[in-house]
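Residue numbers (my numbering): 1 to 335.
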């Protein structure tokens with residue numbers, strides 16, 4: 001049976017929403033959940049304070065705060081929930097971990113506890129962005145603010161394998177996020193990365209502008225360094241939220257508009273669902289030697305449920321072994 005360690009203490013709404021999402025997951029999936037954290041706090045959110053079947057608690061007395069230095073906190077707090085959850089994966093007691101806590105702490109714990117896949121220099125956080133053509137991948141969205149050209153090549157390779165294994169996209173199109181579609185556009189990083197991607201055994205389609213991402217027609221996998229990717233991700237989230245708030249205000253501003261709003265309400269609900277980060281769950285940290293799913297800090301029950309679903313799909317797909325197997329053919333010979 002698949003076993004997933006859930007950091008019950010990580011996130012803005014921990015442990016309540018985390019526990020609720022974990023309990024919901026065992027109703028739908030044939031998995032075992034290991035809730036990692038402080039037992040007395042976790043039990044407050046269990047039905048009648050009792051553990052359901054397929055759920056157990058692994059005690060961890062400490063919590064890494066969002067304001068703490070990630071690497072220092074992970075080294076100092078050996079009994080923190082994120083470190084203990086990572087250790088369960090390292091020791092084979094769990095097949096994956098899910099956390100909505102500090103992204104930096106989860107990265108540090110994963111790198112120190114799980115290590116990198118041989119041949120991968122830097123891990124990348126991959127996320128699914130909603131587009132008019134369905135979910136598309138963007139990476140890196142925050143693991144490494146700075147990157148080298150060869151790192152972008154590795155991101156493209158891992159993203160391509162993930163798109164095939166998890167999203168079921170055959171021969172995914174890979175694009176390099178840039179300020180123009182011309183080959184000569186961009187900064188030193190993108191100009192140096194372009195020929196590497198061009199030579200690699202990828203379905204590389206060239207540069208992709210940011211405005212093309214929401215339409216989803218240009219590329220299935222969009223590659224960039226973590227600084228740019230994180231800005232794109234958070235701008236997209238903020239823009240979607242502001243747009244829906246504006247629409248709600250305008251279509252309910254008069255009695256007549258309120259009547260019209262009733263007619264379009266079902267369609268708006270469908271759009272809102274497509275744009276809701278909670279529907280996509282968590283973002284895998286690609287490149288580490290184990291499955292580590294990073295969830296939004298404000299994750300609610302639904303987001304945690306979907307993050308656990310993503311973890312389950314990652315385990316079943318065997319994409320980490322696929323990365324190990326495929327990595328050699330993505331190595332571009334030095335001229």
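Each residue gets a CB set at the ideal place from its N, CA and C atoms; glycine is no exception. Bear in mind that the values here come from a model prediction, so they are computed numbers and not experimental data.
With DSSP collapsed to three states, give me the class of residue i.
{"i": "residue 187", "result": "coil"}
{"i": "residue 142", "result": "coil"}
{"i": "residue 334", "result": "Here residue 334 scores only 46 on pLDDT, less than 50, and its place in the model is too uncertain to base an answer on."}
{"i": "residue 320", "result": "helix"}
{"i": "residue 104", "result": "helix"}
{"i": "residue 115", "result": "coil"}
{"i": "residue 167", "result": "coil"}
{"i": "residue 98", "result": "strand"}
{"i": "residue 110", "result": "helix"}
{"i": "residue 136", "result": "strand"}
{"i": "residue 120", "result": "coil"}
{"i": "residue 298", "result": "coil"}
{"i": "residue 365", "result": "Outside the shown range of the chain, which is 1 to 335, sits residue 365, and nothing can be said about it."}
{"i": "residue 313", "result": "helix"}
{"i": "residue 179", "result": "coil"}
{"i": "residue 261", "result": "helix"}
{"i": "residue 159", "result": "helix"}
{"i": "residue 13", "result": "coil"}
{"i": "residue 267", "result": "helix"}
{"i": "residue 48", "result": "helix"}
{"i": "residue 217", "result": "coil"}
{"i": "residue 148", "result": "coil"}
{"i": "residue 329", "result": "helix"}
Closest to residue i by CA distance: which of the options is it?
{"i": "residue 114", "options": "87, 132, 93", "result": "87"}
{"i": "residue 218", "options": "310, 136, 26, 9", "result": "136"}
{"i": "residue 129", "options": "120, 233, 44", "result": "233"}
{"i": "residue 36", "options": "153, 190, 173, 93", "result": "93"}
{"i": "residue 377", "options": "103, 1, 41", "result": "The structure shown has nothing for residue 377, since the chain only spans 1 to 335."}
{"i": "residue 328", "options": "223, 167, 117, 316", "result": "117"}
{"i": "residue 299", "options": "4, 9, 2", "result": "9"}
{"i": "residue 196", "options": "179, 231, 155, 162", "result": "155"}
{"i": "residue 5", "options": "74, 100, 67", "result": "100"}
{"i": "residue 226", "options": "173, 147, 286, 178", "result": "147"}
{"i": "residue 220", "options": "72, 168, 111", "result": "168"}
{"i": "residue 224", "options": "282, 303, 209", "result": "209"}
{"i": "residue 175", "options": "22, 73, 140, 315", "result": "140"}
{"i": "residue 34", "options": "271, 163, 95", "result": "95"}
{"i": "residue 293", "options": "199, 184, 126", "result": "126"}
{"i": "residue 270", "options": "72, 134, 26, 71", "result": "134"}
For the beta strand (DSSP E) containing residue i, name the first residue and the last one.
{"i": "residue 223", "result": "221-223"}
{"i": "residue 282", "result": "282-286"}
{"i": "residue 251", "result": "Run containing residue 251: none in the beta strand (DSSP E); it sits in the alpha helix (DSSP H), 226-251."}
What are the residues that DSSP puts in a beta bridge with residue i?
{"i": "residue 7", "result": "36"}
{"i": "residue 55", "result": "33"}
{"i": "residue 204", "result": "174"}
{"i": "residue 62", "result": "80"}
{"i": "residue 292", "result": "97"}
{"i": "residue 2", "result": "31"}
Just to confirm the assignment, what range does the alpha helix (DSSP H) spanning residue i have?
{"i": "residue 24", "result": "16-28"}
{"i": "residue 82", "result": "81-90"}
{"i": "residue 127", "result": "Note, residue 127: premise wrong, no alpha helix (DSSP H); beta strand (DSSP E) at 124-131."}
{"i": "residue 76", "result": "70-76"}
Quick one: is residue i buried, meaning 16 or more other Cβ sit within 10 Å of its Cβ, or exposed?
{"i": "residue 53", "result": "exposed"}
{"i": "residue 263", "result": "exposed"}
{"i": "residue 76", "result": "exposed"}
{"i": "residue 306", "result": "buried"}
{"i": "residue 309", "result": "buried"}
{"i": "residue 58", "result": "buried"}
{"i": "residue 284", "result": "buried"}
{"i": "residue 246", "result": "exposed"}
{"i": "residue 61", "result": "exposed"}
{"i": "residue 258", "result": "exposed"}
{"i": "residue 187", "result": "exposed"}
{"i": "residue 171", "result": "exposed"}
{"i": "residue 334", "result": "Reliability of the predicted coordinates at residue 334 is poor, the pLDDT of 46 falling under 50, and no value is obtained from them."}
{"i": "residue 318", "result": "exposed"}
{"i": "residue 194", "result": "buried"}
{"i": "residue 184", "result": "exposed"}
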